[in-house]
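Novice:
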Amino acid sequence: MSLSITTGEHPAETSRWPLPDTGQRTVIPPAVLGTMTAHPLCRGCLPHGVGYYPHAGGHRMLRAQPADNLLIYCVAGQGQLQVNGRTLPVLAGDLLLLPAGLAHHYQADDSEPWSIYWVHLGGDETPLYFDEIAGDSPERYRVTVGVHSRLAEEFQALLAAVTRVQPEHLVYAANLLRSLLAFAALMRRQHTTRHASLDINRVNSYLQTALTRRLNLDELVDATSELSRYHFIREYKRQTGQTPMQAFQRIKVSHACYLLDISDDTVAQIAAWLGYDDPYYFSRLFKKVMGISPQRYRRERGH
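Residue numbering for the sequence shown follows the working numbering, beginning at 70 and increasing consecutively.
(1) By how many angstroms is the C-alpha of residue 129 removed from the C-alpha of residue 71?
(2) So what does DSSP say about residue 74, is it helix, strand or coil?
(3) Pull up the CB-CB distance for residue 224 and residue 249, whole angstroms please, since I reckon it's below 8 Å.
(4) Just the Cα atoms here: how many angstroms apart are residue 73 and residue 83?
(5) Bridge partners for residue 129 per DSSP, in chain order?
(6) Rounded to whole angstroms, what is the Cα-Cα separation between residue 77 and residue 95?
(7) Using a Cβ-Cβ cutoff of less than 6 Å, which residues in the same chain neighbour residue 340 once the five nearest sequence positions on both sides are dropped?
(8) Please identify the residue among 158, 212 and 267 whose C-alpha is closest to the C-alpha of residue 255.
(9) Of the residues 297, 280 and 326, which one's Cα is nearest the Cα of residue 364?
(10) Once DSSP output is grouped into helix, strand and coil, what is the label at residue 192?
(11) Can you give, in chain order, each stretch of the alpha helix (DSSP H) that sits fully within the stretch 90-129 and has at least 4 residues?
(12) Is the distance from the Cβ of residue 182 to the Cβ of residue 124 below 7 Å?
(13) Helix, strand or coil: how does DSSP classify residue 338 here?
(14) The alpha helix (DSSP H) with residue 214 in it runs from where to where?
(15) Classify residue 196: buried if its beta carbon has 16 or more other beta carbons within 10 angstroms, exposed otherwise.
(16) With H, G and I counted as helix, E and B as strand and the rest as coil, what does DSSP make of residue 345?
(17) Locate the alpha helix (DSSP H) running through residue 390, then write down its first and last residues.
(18) What's the call for residue 298, buried or exposed, on a 16-neighbour Cβ count within 10 Å?
(19) To the nearest angstrom, report how far apart residue 289 and residue 304 are at their CA atoms.
(20) With H, G and I counted as helix, E and B as strand and the rest as coil, what does DSSP make of residue 144?
(21) Let me confirm a value: residue 120 is counted as buried when at least 16 other C-beta atoms fall within 10 Å, else exposed. Which label applies?
(22) Determine the burial state of residue 335: buried for a count of at least 16 other Cβ atoms within 10 Å of its Cβ, exposed for fewer.
(23) Among 102, 235, 112 and 210, which one has its Cα closest to the Cα of residue 150?
(24) Assuming residue 363 is part of the alpha helix (DSSP H), what are its boundary residues?
(25) On the DSSP letters alone, give me the boundaries of the beta strand (DSSP E) that residue 290 sits inside.
(26) Of the choices 278, 310, 166 and 272, whose alpha-carbon is the least far from that of residue 294?
(27) Quick one: complete alpha helix (DSSP H) runs, 4+ long, within the stretch 213-247?
(28) Excluding the 5 residues flanking residue 355 on each side, which residues of the same chain have their C-beta closer than 7 Å to its C-beta?
(29) In the structure shown, what three-state DSSP assignment does residue 85 receive?
This is the structure in structure tokens:
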């Protein structure tokens with residue numbers, strides 16, 4: 070069952086889950102919301118309703134044609150999301166990003182029901198924030214940010230702000246919501262970096278240690294990850310925009326530039342120091358990366 074409150078084009082549709090003493094649910098009155106959607110500081114991003122459902126046993130919701138957007142943050146327990154014919158598990162630390170118009174069904178787990186914060190929201194900035202939070206995640210409707218006390222505090226501050234319906238409080242609430250969304254995007258990116266299947270810093274550090282020799286890709290994979298050769302290359306390129314061997318070549322050429330600047334060593338000597346037996350091959354590689362030959366690079370810097 071749901072409670073639908075229509076406000077022009079943006080109804081706030083919330084569940085009728087029985088609210089315990091420790092739960093919270095606030096829906097902004099339609100007349101007030103209708104006024105605030107025209108406010109220049111609110112119309113881009115405005116909360117329509119905010120809530121907190123602790124240990125929400127039996128909580129479930131089906132929205133066939135939602136006219137507003139919905140953000141759910143699971144802080145404990147677990148549940149499920151059904152969207153686009155798929156069923157996705159929802160665990161503590163997950164965010165659900167459910168845009169207006171997307172039919173969906175979600176529910177708490179029977180044995181370990183979730184505890185969730187939620188906010189219904191509207192405004193033309195909302196899709197931009199959702200995109201920023203989702204980033205390059207392959208699953209755009211469920212992303213993992215981790216359990217953060219600060220993010221929960223942001224929801225609590227938003228809940229406190231929307232309980233007062235004066236315009237100045239709702240202007241404040243609208244901008245608290247922006248802060249919450251931006252912080253969620255930051256936490257998603259940090260979580261992705263920390264839990265990436267490939268530690269780029271570790272790989273690049275190893276490349277630096279191999280600066281003076283030729284390096285076999287299989288050796289690099291074995292020394293820095295547990296991925297297959299194929300997945301190693303794909304993940305490295307996804308995170309950096311280049312293959313590991315391209316990165317290695319650029320590191321070598323960068324150091325060659327340094328040696329050309331500070332020493333009188335010949336190009337052949339520098340090439341040999343960097344592990345290249347053929348100075349002509351090295352010169353071609355240098356030109357491919359830098360756009361000029363090593364000889365010209367040195368001449369243009371006064372050597």
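Here a beta-carbon is modelled for each residue, glycine too, at the ideal position from N, C-alpha and C.
Specialist: Taking the coordinates as given:
(1) Residue placement at residue 71 cannot be trusted, given a pLDDT of 44 that sits under 50; what the coordinates show is reported in the next sentence. Straight-line Cα distance between these residues: approximately 10 Å.
(2) In this predicted model, residue 74 has a pLDDT of only 36, less than 50, meaning its place in the structure is not dependable; the value taken from the coordinates is given anyway. Looking at residue 74 - three-state DSSP - the assignment turns out to be strand.
(3) Contact flag correct, Cβ pair sits at about 7 Å.
(4) Interpretation of residue 73 is limited by its pLDDT of 38, a score under 50 that renders its predicted location unreliable; no figure is taken from the coordinates.
(5) Residue 129 pairs with 176.
(6) Because the pLDDT at residue 77 is just 40, under 50, the model does not fix this residue reliably, and the value given afterwards should be weighed accordingly. Whole-angstrom Cα-Cα distance: 19 Å.
(7) Excluding positions up to five away in sequence, the list reads 348 and 351.
(8) Distances from the alpha-carbon of residue 255 to those of 158, 212 and 267 put 212 closest.
(9) Out of 297, 280 and 326, 326 has the C-alpha closest to the C-alpha of residue 364.
(10) If DSSP states are grouped into helix, strand and coil, residue 192 belongs with coil.
(11) With a minimum length of 4 residues, the continuous alpha helix (DSSP H) runs that stay inside the stretch 90-129 are 99-105.
(12) Going by beta carbons, residue 182 and residue 124 fall inside the 7 Å limit.
(13) Of the three classes helix, strand and coil, the one that applies to residue 338 here is helix, per DSSP.
(14) Run containing residue 214: none; DSSP gives neither H nor E here.
(15) It is exposed - the Cβ of residue 196 has fewer than 16 other Cβ atoms within 10 Å.
(16) Here residue 345 sits in coil by DSSP.
(17) Shown here, the chain extends from 70 to 372; a query on residue 390 therefore has no answer.
(18) With fewer than 16 other beta carbons inside 10 angstroms of its own, residue 298 counts as exposed.
(19) When rounded, the distance between both Cα atoms is 14 Å.
(20) Of the three classes helix, strand and coil, the one that applies to residue 144 here is strand, per DSSP.
(21) In this structure residue 120 is buried. Its beta-carbon is surrounded by 16 or more other beta-carbon atoms within 10 angstroms.
(22) Residue 335 comes out exposed.
(23) When the alpha-carbon of residue 150 is set against those of 102, 235, 112 and 210, the nearest one is in 210.
(24) Taken as a continuous stretch (DSSP letters only), the alpha helix (DSSP H) holding residue 363 covers 363-369.
(25) Taken as a continuous stretch (DSSP letters only), residue 290 belongs to no beta strand (DSSP E), being part of the alpha helix (DSSP H) at 286-293.
(26) Closest by alpha carbon: 272.
(27) Annotation note: the stretch 213-247 contains the following uninterrupted alpha helix (DSSP H) runs of length 4 or greater, listed N- to C-terminal: 218-231.
(28) Cβ neighbours of residue 355 beyond the five flanking positions: 322, 325, 362 and 363.
(29) Assigned with DSSP and collapsed to three states, residue 85 falls in coil, not helix or strand.
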